[in-house]
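Participant: The structure under discussion is supplied below as C-alpha cells; questions concerning it will follow.
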Amino acid sequence: MEIKDNTFSRQFEANSAKGLVSIEYTLQERKLFLTRINIPENFEDESFIDSFLTTILDLAEEKKWKIVPIYPRVASFFRKNPKYKTFLPPGIKI
Numbered sequence: 340m341e342i343k344d345n346t347f348s349r350q351f352e353a354n355s356a357k358g359l360v361s362i363e364y365t366l367q368e369r370k371l372f373l374t375r376i377n378i379p380e381n382f383e384d385e386s387f388i389d390s391f392l393t394t395i396l397d398l399a400e401e402k403k404w405k406i407v408p409i410y411p412r413v414a415s416f417f418r419k420n421p422k423y424k425t426f427l428p429p430g431i432k433i
C-alpha cells in the first residue's frame, strides 16, 4: 500500500476504491499521536484500515517513533494486534 505523508495537513493519506482515506496525526518529541481517521461515506473495508495502520507502523519503526493512539479505532487495532504494543511509549496501557 502506498501512503502519502501530507505534512501541511498533518495526515497520512491513501487511496481506496471508495475514495481518499486519511489518518490525522500530531508529532511531538518522537511520539506520533494518531488523532482521527477520515473515511468516505459507506466505507466498510476494515481490512484496508488495518493495512493502512500497519503501513504507518512500518514508517514509525523506520523513524524510531512511538505511537500514541488517541482515536478509539486505532486503540482497538492495538488491542487486536498485541505484537504492535512495542510501539507504545512507556506507561501507556491499552
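Residue numbers (this note's numbering): 340 to 433.
From the three backbone atoms N, C-alpha and C, an ideal C-beta is built for every residue, glycine too.
A quick note: this is a predicted structure, and the numbers were derived from the prediction, not measured.
Starting from residue 401, trace the alpha helix (DSSP H) both ways and give me its first and last residue.
Facilitator: 385 to 402
Participant: DSSP beta-bridge partners for residue 407?
Facilitator: 372
Participant: So what's residue 361 in DSSP terms, helix, strand or just coil?
Facilitator: strand
Participant: By DSSP, does residue 356 sit in helix, in strand, or in coil?
Facilitator: It is coil, neither helix nor strand.
Participant: Does the separation of the CB atoms of residue 379 and residue 357 fall below 7 Å?
Facilitator: Yes.
Participant: Taking only the alpha-carbon atoms, compute the straight-line gap between residue 393 and residue 401 and give it to the nearest angstrom.
Facilitator: One Cα belongs to residue 393, the other to residue 401, and the distance between them is close to 13 Å.
Participant: Could you tell me if residue 350 is buried or exposed, where buried requires 16 or more neighbouring beta carbons within 10 angstroms of its beta carbon?
Facilitator: buried
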